[in-house]
Each structure stands twice: as C-alpha cells, then as structure tokens.
Amino acid sequence: MTFHRLNPFFGHIEERYPLTKPDSSKQTWHVRINISGSELDFRVGDSIGILPKNDPLIVAQILEQLQVPADKLFNDPRTKEQYSAFQLLSARYTITHLHKKVLLKIAEYIPASLQPEFLALLDKDEDWIRVHDLSDWLQFAQNPPIPFDALLETLTPMLPRLYSIASSLLVDRERLDLTVSRLSVEAAGKTRPGICSNYLTQIAPLFDPEVGVYLQPTKHFHFPEDDLMPVILIGPGTGIAPFRAYLQERLARGSNLGTRLGSHLGKVWLFFGERHSATDFLYEDFWNKLMQLPFFRMDVAFSRDRDHKVYVQHKMWENREELLSWLDQGARVYICGDAQRMARDVEAMLLAIFQERFHGDMALAKEALKQLRKEGRYLRDVY
Ligand SMILES: Cc1cc2nc3c(=O)[nH]c(=O)nc-3n(C[C@H](O)[C@H](O)[C@H](O)COP(=O)(O)OP(=O)(O)OC[C@H]3O[C@@H](n4cnc5c(N)ncnc54)[C@H](O)[C@@H]3O)c2cc1C
Ligand SMILES: NC(=O)c1ccc[n+]([C@@H]2O[C@H](COP(=O)([O-])OP(=O)(O)OC[C@H]3O[C@@H](n4cnc5c(N)ncnc54)[C@H](OP(=O)(O)O)[C@@H]3O)[C@@H](O)[C@H]2O)c1
29 MTFHRLNPFF GHIEERYPLT KPDSSKQTWH VRINISGSEL DFRVGDSIGI LPKNDPLIVA
89 QILEQLQVPA DKLFNDPRTK EQYSAFQLLS ARYTITHLHK KVLLKIAEYI PASLQPEFLA
149 LLDKDEDWIR VHDLSDWLQF AQNPPIPFDA LLETLTPMLP RLYSIASSLL VDRERLDLTV
209 SRLSVEAAGK TRPGICSNYL TQIAPLFDPE VGVYLQPTKH FHFPEDDLMP VILIGPGTGI
269 APFRAYLQER LARGSNLGTR LGSHLGKVWL FFGERHSATD FLYEDFWNKL MQLPFFRMDV
329 AFSRDRDHKV YVQHKMWENR EELLSWLDQG ARVYICGDAQ RMARDVEAML LAIFQERFHG
389 DMALAKEALK QLRKEGRYLR DVY
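Everything in the sequence shown is counted per this note's numbering, starting at 29 for the first residue and increasing by one.
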C-alpha cells in the first residue's frame, strides 16, 4: 500500500530525547518512530512527511473562546467528512500564520462600535499580523460569536512537514530516526513554537499510533551504491541526519574501504558544525567510534566556542588542497541543512577554492562547479 499525505500510515513515537545538553542554547532531538506494518521502503537520502497537530491546550483555549464544545461534530469544509471541533482545529487546520481573510471574517462578527479598532490592527505590518495566532485575534476581537463553520471556511489546511531520515533500513526497517530541531520564538509576549517540531518532541504521546507519516522519496539526493566512490558530506546542524543514515548503512554493509595508502577510494569525509562542542555535538559517540576506522574522516566547526565564528566552510578552506585531491579522485559532494545561509556560503567557498586553483579566474571556477553538477557529483538537500 502506498501511503501519502492524504492517506498516511499511523506510526508511534517509541523513543525521543534531546541530543543537545540541557545547558545548550538550542534543542535538537532524536525522535524514533515505529513504522512496523507500513513496509515503507526508505532509502538513504529520503525524507519522511509528518502530519503535525496543534498544541491541545491552545486548541482547547480557542474552542472556549468560540464557545464550541470540543466534541461537537462539524463537516470538514474541504472533504465534507465529519470530525469533532477539536479534531478539526488540532490536526486539519492551521491556527498560526493566519491569512487576512481569516481576520476579515472575524471582523464581520464584531459589534460595529468595536470594528474600527480591530480593523486598524490589519494595517500593521505583515510580521506583526503573522506573529499572532487565532487565539490572539479572537481576543483582540473580544471573542465575537463567529459560527465555527464560517471560521473553518477561511482557515488554511494543516500542511505536512518533511524530515530527513537519519537511520538506515539495513539497521532497522521497523523504525526510523529523525533529528529534529525544536523551533521556538518569543514574540508578542508568548513563546511561539514551531508546530511540527513541537509536536514531535513534546506533544505526540509516546507509544500511541497517532503520528501520520508517509515516505517522500528523494528525486536528487541519492547516495552511491558503489562503496569505492569517495564522498564528502557537509551537514551542519540537523543537516547531519541523512549522513548518519549513510554511515549506518556503510557499516551495516561491512564496507571498510579506502585503506590503500594515498587513495581516497571508498573514503568518507564529513564536515559537521554546531554552536558549542560541549553541548551541541549531535551523535558524538557514533562519530567518535567511526573516527577509529580508516575510511572515515571528520572535521568539526563549533561556531560559538571562540570569539569569532568558525563554520564548516572555514574547515573546507583550511583543508582545500586535500579537498581538491578528493575531487580529482572522483569524490561526490553532498550538502544538507539550512538553505538560506549555510548552503549559499558553502557553495561560495567551493567556488573560492576552485578560483584559487585557477589563479583567480572566477569563470573557470564556475565552470568547474557546473561540471561537478553535470556529473551528478554536487548534490544538495537544503531547506
Ligand atoms: C527536504 C526537507 C528535509 C528536512 N529535514 C529536516 C530535519 O532533518 N530536521 C529538522 O529539524 N527540520 C527539517 N526540515 C524542516 C522541517 O520540515 C520544518 O520546516 C521545521 O521543523 C519547522 O517546522 P515547524 O512546524 O516546527 O515550524 P512552523 O510552525 O512551520 O514555524 C516555522 C517557524 O516560524 C516560527 N513561528 C511559529 N509561530 C510563530 C509566530 N507566531 N511568530 C513568529 N514565528 C513563529 C517557528 O518558531 C519556526 O521557527 C526539512 C525540510 C525539508 C523541506
Ligand atoms: N532563517 C533563520 O534565521 C534560521 C535561523 C536558525 C535556524 N533556521 C532553520 O532552523 C532549522 C534547523 O537549524 P539547525 O538546528 O539545523 O541549525 P542551524 O541554525 O543551521 O545551525 C547549525 C550550525 O550552522 C552554523 N551556521 C550559521 N550560519 C552559517 C553559515 N552561513 N554557514 C555555515 N554555517 C552556518 C550555526 O552557527 P551560528 O548559529 O553560531 O551562527 C551552527 O553552528 C533549519 O531549517 C534552519 O534553516 C533558520
């Protein structure tokens, strides 16, 4: 059976714990989902789609503001199926990052004398508007008697979120691991958690088969089946996830190549970065064990351990001669993690390394990167 976002498999979280230490400035969690019975045939590089749920306390609060009993049944305006009011606001609709049409609908039910004050809020900037959730907006409107169905019509459906699979099916095909950064911002006087990262790490009950999942096979982030191919993996933060899966798979295959002197065949070179070595070295024990093996090399960049930032691309630059020799021997480069800043800057660094090789000629550097891409040796999964 093929599972997809409209027909997910319901797995359960079997284990979860923070990979970051309690005194870290961030929280990244290891989440293990039991998918037995699904026969999901996942490969290294694939992601899993998760159907999240909103925080039940916030849902209960909104229902109270609307004076709607949690178990009262309504038709889902999109599918026409019946659900309780609680189910609809918990799993089927978005109650954060609201569109203006929701707010305009709320405005229709406000007494005329209060309307100007409420409508004036809609002139504030986009960030201010999007930071407030449905509960806030109902409160600004003094909890007007808006019919639940009318409100539902305007809400956007809850969207699934993707997470890179951090484990190999060769190790365990009944379970898969995720590396989840628990996002949270302080805004407008409240803590505003990321919906899905909060659901996976805090809200979903353990051992309860309620976590909707489906496989999102990768179209472009495939790992070599030939273990002789040298690979360079660049994955700061949660970007480490697919690389843990790849190394698990290499170990499970019993491949321990690349020991021939001067050869990079079969070798793996991982660049990892996080904030502090003492608190944020994700899966440190696993990497320490791997570092005993001759085919594996790891360089780490802890950005906040010193008075100046050290990022993965700085480690690439320090080791540029060797990096070029790996590329000359046919290495593939994989980049995973933050798209906005990291992936852009890593690419710029790769270009700078090529540029130096070509005595400052940027056109030749760009051509070299283009060629890597063309040969399928420059692969990115960034978000
Ligand atoms: C292919 C792919 C692979 C991925 N792999 C991983 C992975 O391995 N690990 C991982 O952690 N992530 C991964 N992601 C990212 C993941 O899919 C989610 O985007 C991420 O977890 C955030 O989702 P969320 O529901 O927690 O946050 P959302 O609810 O979508 O919120 C997004 C951001 O807005 C902030 N926010 C929420 N409410 C407010 C508010 N009222 N005002 C201001 N800000 C607010 C949140 O704190 C958060 O920072 C991947 C994405 C893709 C596309
Ligand atoms: N849009 C944003 O502002 C923002 C901010 C944080 C996270 N995120 C998102 O949150 C998710 C999870 O993040 P994460 O926990 O995996 O970690 P992350 O925020 O990507 O951080 C991991 C490491 O990368 C470093 N880093 C920051 N900028 C970099 C750059 N330009 N080049 C190379 N390394 C850089 C960080 O250093 P420092 O933190 O010390 O700079 C940290 O050491 C991702 O989806 C990410 O896109 C977005």
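Where a beta carbon is used, it is the ideal one built from N, C-alpha and C, also for glycine.
All figures in this text were calculated on a predicted structure; none of them were measured in a lab.
Span of the alpha helix (DSSP H) around residue i
i: Ser353; result: Arg348 to Asp356
i: Phe382; result: Arg372 to Arg385
i: Asp177; result: Phe176 to Thr182
i: Leu91; result: Pro84 to Leu94
i: Glu312; result: Glu312 to Leu318
i: Arg158; result: Glu154 to Val159
Endpoints, beta strand (DSSP E) assigned at residue i
i: Glu42; result: Phe37 to Pro46
i: Leu400; result: Counting along the chain, Leu400 falls outside any beta strand (DSSP E), though it belongs to the alpha helix (DSSP H) covering Met390 to Lys402.
i: Ser225; result: Run containing Ser225: none in the beta strand (DSSP E); it sits in the alpha helix (DSSP H), Ile223 to Asn226.
i: Gly77; result: Ser75 to Leu79
i: Val410; result: Tyr406 to Val410
Pairwise C-alpha distance: residue j and residue i
i: Pro264; j: Phe235; result: 30 Å
i: Arg158; j: Lys152; result: 10 Å
i: Thr124; j: Gln230; result: 18 Å
i: Leu190; j: Thr207; result: 11 Å
i: Leu117; j: His387; result: 60 Å
i: Val239; j: Leu79; result: 7 Å
i: Tyr45; j: Ala269; result: 15 Å
i: Glu349; j: Glu42; result: 45 Å
i: Tyr227; j: Asn82; result: 7 Å
i: Asp99; j: Val296; result: 54 Å
i: Leu166; j: Leu149; result: 13 Å
i: Leu204; j: Thr122; result: 27 Å
i: Lys317; j: Leu298; result: 14 Å
i: Gln276; j: Val199; result: 7 Å
i: Gln383; j: Leu351; result: 14 Å
i: Ile193; j: Thr56; result: 15 Å
i: Pro175; j: Phe251; result: 52 Å
i: Asp333; j: Leu132; result: 48 Å
i: Ile262; j: Asp51; result: 26 Å
i: Ser225; j: Arg210; result: 5 Å
i: Gly365; j: Trp156; result: 28 Å
i: Lys353; j: Ala306; result: Inspection of the sequence shows that residue 353 is occupied by Ser rather than by Lys. If I take the Cα positions, the gap works out to 32 Å.
i: Lys128; j: Ser195; result: 41 Å
i: Leu378; j: Phe31; result: 39 Å
i: Phe39; j: Pro245; result: One detail in the question is off: residue 39 reads as Gly in this sequence, not Phe. One C-alpha to the other measures close to 18 Å.
i: Pro172; j: Thr219; result: 25 Å
Secondary structure of residue i, DSSP reduced to three states
i: Tyr191; result: strand
i: Lys133; result: helix
i: Arg369; result: helix
i: Tyr362; result: strand
i: Phe168; result: helix
i: Ala215; result: strand
i: Met326; result: strand
i: Leu204; result: strand
i: Pro144; result: helix
i: Thr56; result: strand
i: Ser209; result: strand
i: Val239; result: strand
i: Leu234; result: strand
i: His342; result: helix
Worksheet item: What residue ranges within the segment 241–305 form continuous beta strand (DSSP E) runs of no fewer than 3 residues, ordered along the chain?
Response: 259–262 and 296–302
Practice prompt. Taking only runs that begin and end inside the segment 95–128, name each unbroken beta strand (DSSP E) of 3 or more residues, in chain order.
Written response: Listed in chain order, the complete beta strand (DSSP E) runs (minimum 3 residues) inside the segment 95–128 are 101–103 and 110–112.
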